[in-house]
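Taken in sequence, the protein lines are chains A and B. All the letters of the first sequence, read from the start, carry residue numbers 1 to 453 under the working numbering. All the letters of the second sequence, read from the start, carry residue numbers 1001 to 1315 under the working numbering. Quick reminder that beta carbons are idealized off the backbone N, C-alpha and C, glycines included. Everything below concerns the one structure shown next.
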Amino acid sequence: MNLLIRNGRVIDPGQGIDEALDLLIEDGVVAKSGRELKGGKGIETIDARGMVVAPGLIDLHTHLREPGQEHKETIGSGTRAAVAGGFTAVCAMANTIPPNDERAVTEMILAEAARNGACRVYPVGAVSKGLAGEALAELADLRSAGCVAFSDDGRPVSNALLMRRAMEYARMLGAPIVAHEQDLDLSDDGVMHEGFVSTLLGMKGMPAAAEESMAVRDVVLAALTGAHLHLAHLSTRGALEAVRRARREGLRVTCEATPHHIALTDDTVRSYDTNLKMNPPLRSDEHREALLAAIADGTVDVIATDHAPHHPDEKNVEFDLAPFGVIGLETAFPVCHDVLVVRTRTIGLPRLIELMSTAPAKTFGLPGGTLKRGSPGDVAILDPKGETRFGTSFRSRSRNSPFAGEAFRGRIAATIVGGVVRWRAEAPEGGRAEGAKKRSRPAGRNGEKRNRR
Amino acid sequence: MRPQTSSLRSKDLLGIEPLDPEEITLILDTAEGFKEVSERSIKKVPALRGQLVINLFMEASTRTRVSFEIAEKRLSADTLNFAASGSSVEKGETLIDTARNLMAMHPDMIVIRHRHPGAPKMLAELLPASIVNAGDGSHEHPTQALLDAFTIRERLGRLSGVRVAIIGDIAHSRVVRSNIHLLTRMKAKVTLAAPPTLMPAAVERMGVRVVHSLDQALEGADVVMMLRIQLERQGKLSFPSLREYFNTFGLTPERLRLAKEGVLVMHPGPMNRGVEISSDVADGPYSVILDQVTNGVAVRMAVLYLLAGGRLAEA
């Protein structure tokens, strides 16, 4: 099970490496990197000429829907979507049915991931029993079962005392609290961002203040408790400002941004496309600009997808009635690369890799996120010049993507998990000659077959 | 203004927002002709003979549904009324499935009233029939704005430069959105007045003046449109009580004196007497509220005729 990746441009932000190197993975871990490493018997070789070899992407915010909503996604299908998007590890949110609020559910998720997962899965445990926001879940038991963080994501923790206690307790366990910042009174029954577009469409809006006020509250609680607070999917200027303030005060506060908030604004909702409905909602241009600025100045630590699959039947209804959420694993890298690196030049590719791999690993204390010797053999081979055009079907069991039918600069050429190639795109790294005869095949067919084996 | 155009560009009327001034003028001019039909002893023309129009009313409505139905009958269309209560919708059928099933009966047009914004657009994208929006949530109610404009033009002879004050629950009103699109497009000057709790975000970007005083809005107005206050909102967070609402934003004869001589008082109905408007004003000399109802039929005839005309001309 040894793999040699040759001739690529290795970018490993954790080590500050950006140079042409070969990378050897032995027994599932990175054995060495260097110039002109020799292949040999029993060593599979990938030619990564023209490609970027990066530590595998890590998603801190994925809804895998299993157990309970397997018609939307399963651990198998969700992780196959993940590797198609260059992810080698995902953190599975707790709002399954039943929720991941006890050890048995955590163990079930880990067992299923070991059986059918295409990449690594790190469960996130619930903060409260039944995600009800009333009593603490057994956080210590969840932690020892393998949960890497705690969150009631999807449901904000409205009760400030519960949030305080959760932070205090999680601090003892060395795990972050992941907060979905939304004041439910302020957001009322809103279905999109409150602003000019919601006024035009006559739709009920969620004001930015609903996110901002809760972010401020939780930063204050982080100061009180000394806990590690991780703010999920921030979408507003004020919440980002709260993070800046927390940093100045030396608090352990981190935050993430999603590709859809990076790429899109509420103006797109004029189409009434329910694949533009998510929570937090797409914001106005002013907030999106603030998000890009926060990515540029380092306020945003991590890009996370908030991959939230829903069945087409659930989405194919009036906008008001559709569930919140969009899928994002397969689209995340091409979208972010196109928007942040190519079009707006907000950041360079090494920084994008840091936001999607190095920093997520560091934020939740996960293995990976680096190609340092001895670290997991998890690699994403990226093709920054290649184009990805998304169809209307995905490796995810759902297809509720706002990016269906659109093309982006940047492509995942291959994904390697523990030294095993789990995804390989069509028109492979080897060059045009080999690619020509395969061109008629649907994209990614290779990778899928491999995964089904 | 003479119309530059003799047909509508779209197969549907989903709102005023997509219309240009020429199309609006065309509809109003066409409605003038149809108004005369309603005054004859035989109130029927054969324009839509053999056409099937389905009135799909997924939300309670009396005035609008009846008005459409009369318009359809006067155009000799075959009509069918489909209401949400007692239908497959109550059994959990989705809007799309309901529409597909109706479509299997080959209607030429569907007039839809729905509580959620965008529902008419969903149907328009899915079905070959012409879709007429008869009100979708708080989004648009285009035929109401057209009949309001028709009434103003009939009385004042123009829309351009007319000063219109719209007062009431702006946030939840589909009527006001359609009216803003129409009136600003026709170069009328629009002022909105409501407590901030009933004013939607950034509405001034639609090209209107926003005030929070009834008197300020009334001053110099040629037209005053009062909007219905939904009684269930009182005592919650939108305003403290009906009494206080009437005292601050209710239209009385005394306050109406601030408006221009010969001001038109309008209301899309149904009215709450003593809440947004006193009976003295509603039944007073300046009220054109019942003219609006009469004109509604003519305007809806014009809309149906023009939408069908586009199709019939192609056939």
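Beta carbon of Ile75/A, beta carbon of Ile109/A: below 8 Å?
Here residue 75/A corresponds to residue number 75 of the first sequence, with the count starting at 1. Here residue 109/A corresponds to residue number 109 of the first sequence, with the count starting at 1. Yes; because the gap between Cβ atoms is below 8 Å, this pair is in contact.
Spatially closest choice to Arg462/A from Phe196/A, Arg395/A, Leu131/A, Pro384/A, by CA coordinates:
Absent from the model: residue 462/A. The displayed extent of chain A is 1 to 453, so no value can be given.
Strand pairing of Gln1234/B, partner residues [DSSP]:
The sequence position of residue 1234/B within the second sequence is 234, counting from 1. Paired residue(s): Phe1239/B.
Interfacial residues, the region 1195-1225 of chain B to chain A, with Cβ spacing under 8 Å:
Pro1200, Ala1201, Ala1202, Val1203, Arg1205, Met1206
Does DSSP put Gly328/A in a helix, in a strand, or in coil?
Mapped onto the first sequence, residue 328/A falls at position 328. Correct three-state label for Gly328/A: coil.
Got a sec: is the Cβ-Cβ distance from Gly1137/B to anything in chain A below 8 Å?
Your numbering for residue 1137/B matches position 137 in the second sequence. For Gly1137/B, the answer is yes, since a Cβ of chain A falls inside 8 Å of its Cβ.
Buried or exposed: which applies to Arg432/A, given that a residue is buried once 16 or more other Cβ atoms fall within 10 Å of its Cβ?
Here residue 432/A refers to the residue found at position 432 of the first sequence. Unreliable positioning characterises Arg432/A in this predicted model, as indicated by a pLDDT of 41, which lies under 50. The coordinate reading is nonetheless provided below. Its Cβ having fewer than 16 others within 10 Å, Arg432/A is exposed.
Are Ala1186/B and Pro1021/B close, meaning C-beta to C-beta below 8 Å?
Taking the first residue of the second sequence as 1, we reach residue 1186/B at position 186. Taking the first residue of the second sequence as 1, we reach residue 1021/B at position 21. As written in the sequence, residue 1186/B is Met, which differs from the Ala given in the question. Closer than 8 Å, so yes.
Please list the residues of the region 299-328 of chain A that have a C-beta atom closer than 9 Å to any C-beta atom in chain B, keeping them in chain order.
Asp313, Asn316, Val317, Glu318, Phe319, Asp320, Leu321
Contact set for Ala1145/B: own chain, Cβ-Cβ below 6 Å, skip 5 residues either direction:
Position 145 of the second sequence, counted from the first residue, corresponds to residue 1145/B. Once the five neighbours on either side are set aside, the close Cβ partners of Ala1145/B are Ile1016, Ser1178, Asn1179, Leu1182.
From Ala160/A to Arg1100/B, what does the alpha carbon distance come to, in whole angstroms?
On the first sequence, residue 160/A is found 160 positions in, with the first residue counted as 1. On the second sequence, residue 1100/B is found 100 positions in, with the first residue counted as 1. Rounded to whole angstroms, Ala160/A to Arg1100/B spans 48 Å at the Cα level.
In or out: Gly430/A buried (at least 16 other Cβ within 10 Å) or exposed?
Here residue 430/A is taken as the residue at index 430 of the first sequence, counted from 1. No answer about Gly430/A holds up, because its pLDDT of 42 lies below 50 and its placement is not dependable.
Could you pull out every unbroken alpha helix (DSSP H) segment of at least 4 residues lying fully inside the region 133-211 of chain A, listed in chain order?
139-145, 160-173, 184-187, 196-201
Using beta-carbon positions only, say whether Asp1215/B and Val1164/B come within less than 8 Å of one another.
The residue you call residue 1215/B lines up with position 215 of the second sequence. The residue you call residue 1164/B lines up with position 164 of the second sequence. Not a contact, by the Cβ cut-off of 8 Å.
Taking a contact to mean a Cβ-Cβ separation below 8 Å, would you say Ala303/A touches Ile347/A in this structure?
The count along the first sequence starts at 1 and reaches residue 303/A at position 303. The count along the first sequence starts at 1 and reaches residue 347/A at position 347. Rather than Ala, the amino acid found at residue 303/A in this sequence is Ile. No, they are not a contact pair.
Apart from the five residues on each side of it in sequence, which residues of its chain come closer than 6 Å, Cβ to Cβ, to Tyr1286/B?
Within the second sequence, residue 1286/B is the residue found at index 286, counting from 1. The answer, listed in chain order, is Val1263, Val1265.
Rounded to the nearest angstrom, what separates Val1053/B and Ala1302/B at their Cα positions?
Residue mapping note: residue 1053/B aligns to position 53 of the second sequence, counting from 1. Residue mapping note: residue 1302/B aligns to position 302 of the second sequence, counting from 1. Their backbone Cα atoms lie some 14 Å apart in a straight line.
Burial state of Gly374/A (16 or more Cβ within 10 Å)
Sequence index remark: in the first sequence, residue 374/A carries index 374 (1-based). Flag for Gly374/A reads exposed.
Nearest-angstrom beta carbon gap, Asp101/A and Ala126/A [assumed within contact, 8 Å]:
Position 126 of the first sequence, counted from the start, is the residue given in the question as residue 126/A. Position 101 of the first sequence, counted from the start, is the residue given in the question as residue 101/A. Between Asp101/A and Ala126/A the Cβ distance is about 4 Å, and since that is below 8 Å, they are a contact.
Using a beta-carbon distance below 8 Å, is Thr392/A in contact with chain B?
By one-based count along the first sequence, residue 392/A stands at place 392. Chain B, which has no Cβ nearer than 8 Å to the Cβ of Thr392/A, makes this no.
Is any beta-carbon of chain A found at less than 8 Å from that of Thr1094/B?
Your numbering for residue 1094/B matches position 94 in the second sequence. Chain A, which has a Cβ nearer than 8 Å to the Cβ of Thr1094/B, makes this yes.
Residues in the same chain with beta-carbon distance under 7 Å from Ala489/A, minus the five sequence neighbours each way, listed in chain order, please.
This structure cannot speak to residue 489/A, because chain A is shown only from 1 to 453.
Measure from the C-beta of Pro1018/B to each C-beta in chain A and report whether the shortest distance is under 8 Å.
In the second sequence, counting from the first residue as 1, residue 1018/B sits at position 18. Not an interface residue.
Could you give the DSSP three-state label for Val1082/B: helix, strand or coil?
Along the second sequence, one-based indexing puts residue 1082/B at 82. The question names Val, yet the displayed sequence has Phe at residue 1082/B. Here Phe1082/B sits in strand by DSSP.
For Gly431/A, three-class secondary structure by DSSP:
Mapped onto the first sequence, residue 431/A falls at position 431. Its pLDDT being 41, under 50, Gly431/A is placed unreliably in this model, and the coordinates cannot settle the point.
Return the first residue and the last residue of the alpha helix (DSSP H) that Lys1073/B is part of.
The residue you call residue 1073/B lines up with position 73 of the second sequence. Residues 1063-1074.
Taking any Cβ of chain B, which residues in the region 356-387 of chain A have a Cβ under 8 Å from it, in chain order?
none
Where does Asn1081/B land, buried or exposed, given buried means 16+ other C-beta within 10 angstroms?
Numbered from 1 along the second sequence, position 81 holds the residue referred to as residue 1081/B. When all chains shown are included, Asn1081/B counts as exposed.
By Cβ distance below 8 Å, which residues in the same chain neighbour Pro99/A in space, the five residues on each side in sequence not counted?
Translated into the one-based positions of the first sequence, residue 99/A becomes position 99. Val105, Ala126, Gly130, Leu131, listed in sequence order.
Determine whether the Cβ of Leu201/A lies closer than 8 Å to any Cβ atom of chain B.
To locate residue 201/A, count along the first sequence from 1; it is residue 201. Interface residue, yes.
Indicate whether at least one CB of chain A lies closer than 8 Å to the CB of Ala1122/B.
Walking along the second sequence from the start, residue 1122/B turns up at place 122. This sequence places Met at residue 1122/B; Ala is not what is there. Yes, its Cβ sits closer than 8 Å to a Cβ of chain A.
Residues near His415/A in its chain [Cβ-Cβ closer than 6 Å; skip 5 each side]
Counting from one through the first sequence, the residue named residue 415/A turns up at place 415. Looking at the sequence shown, residue 415/A is not His but Thr. Same-chain partners within the cutoff: Val83, Gly86, Ala380, Arg422, Trp423.
By the three-class DSSP mapping on this structure, what secondary structure does Gly1309/B have?
By one-based count along the second sequence, residue 1309/B stands at place 309. Residue state, collapsed to three classes: helix.
Output needed in chain order: residues of the region 1098-1120 of chain B with a Cβ under 9 Å from some Cβ in chain A.
His1114, Arg1115, His1116, Pro1117, Gly1118, Ala1119
Own chain partners of Leu1152/B with C-beta closer than 7 Å, once the 5 adjacent residues on each side are dropped:
Along the second sequence, one-based indexing puts residue 1152/B at 152. Correcting the residue identity first, residue 1152/B is Ile in this sequence and not Leu. Excluding sequence neighbours, Ile1152/B sits near Leu1159, Val1162, Val1223, Leu1264.
Between the Cα of Pro1196/B and those of Ala1149/B, Arg1174/B, Gly1168/B, spot the shortest distance and give me the residue it belongs to.
Looking up residue 1196/B in the second sequence gives position 196. For the residues Ala1149/B, Arg1174/B, Gly1168/B, the minimum Cα distance to Pro1196/B belongs to Gly1168/B.
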